[in-house]
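K.L.:
My structure is below; once you've seen it, I'll send some questions.
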Amino acid sequence: MKDVLMFIIGSLVEKPQEVKVGVNEDGDITRFKLTLASSDRGKVIGKEGRVVKAIRTVLQTAAARQNKKVYLDID
Numbered sequence: 469m470k471d472v473l474m475f476i477i478g479s480l481v482e483k484p485q486e487v488k489v490g491v492n493e494d495g496d497i498t499r500f501k502l503t504l505a506s507s508d509r510g511k512v513i514g515k516e517g518r519v520v521k522a523i524r525t526v527l528q529t530a531a532a533r534q535n536k537k538v539y540l541d542i543d
């Protein structure tokens, strides 16, 4: 799932070299902590949070196939 997240985020941002993804797995729960350049946050969040909601939906769908839960935090 981390590869999928990196592909999506890398396609959206202007500074992909500054994207860092931290992963914390605890049993069936995976939490991604996304660190971005401040100029790229708006692009990832999107208008009224639509882009980040779509990214979360993709991750949750992939996780559901494995009977897991996934969360995405943007720092």
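Residue numbering for the sequence shown follows my numbering, starting at 469 and increasing by one per position. Beta carbons are placed, not taken as given, at the ideal position from N, Cα and C, and that holds for glycine.
(1) Which one or two residues does DSSP pair with LEU502 in a beta bridge?
(2) Can you tell me whether THR477 is buried or exposed? The criterion is at least 16 other CB atoms within 10 Å of its CB, across all chains shown.
(3) With a CB to CB cut of under 8 Å and the five nearest residues on each side skipped, what residues in its chain are close to ASP541?
(4) Looking at VAL512: is its Cβ nearer than 8 Å to the Cβ of VAL481?
(5) Who are the near neighbours of GLN528 in its chain, counting only those whose CB is closer than 8 Å to its CB and skipping five residues on each side?
P.N.:
Here's the rundown:
(1) Within the sequence shown, numbered from 1, the residue matching residue 502 stands at position 34. Answer is VAL489, ILE542, bridged to LEU502.
(2) As a position in the sequence shown, residue 477 is number 9, starting the count at 1. The question names Thr, yet the displayed sequence has Ile at residue 477. Buried is the call here.
(3) Here residue 541 refers to the residue found at position 73 of the sequence shown. ARG499, PHE500, LYS501, LEU502.
(4) Mapped onto the sequence shown, residue 512 falls at position 44. Mapped onto the sequence shown, residue 481 falls at position 13. In this structure, VAL481 lies closer than 8 Å to VAL512 by Cβ.
(5) Position 60 of the sequence shown, counted from the first residue, corresponds to residue 528. Excluding residues within five positions, the ones whose Cβ falls inside 8 Å are LYS537, VAL538.
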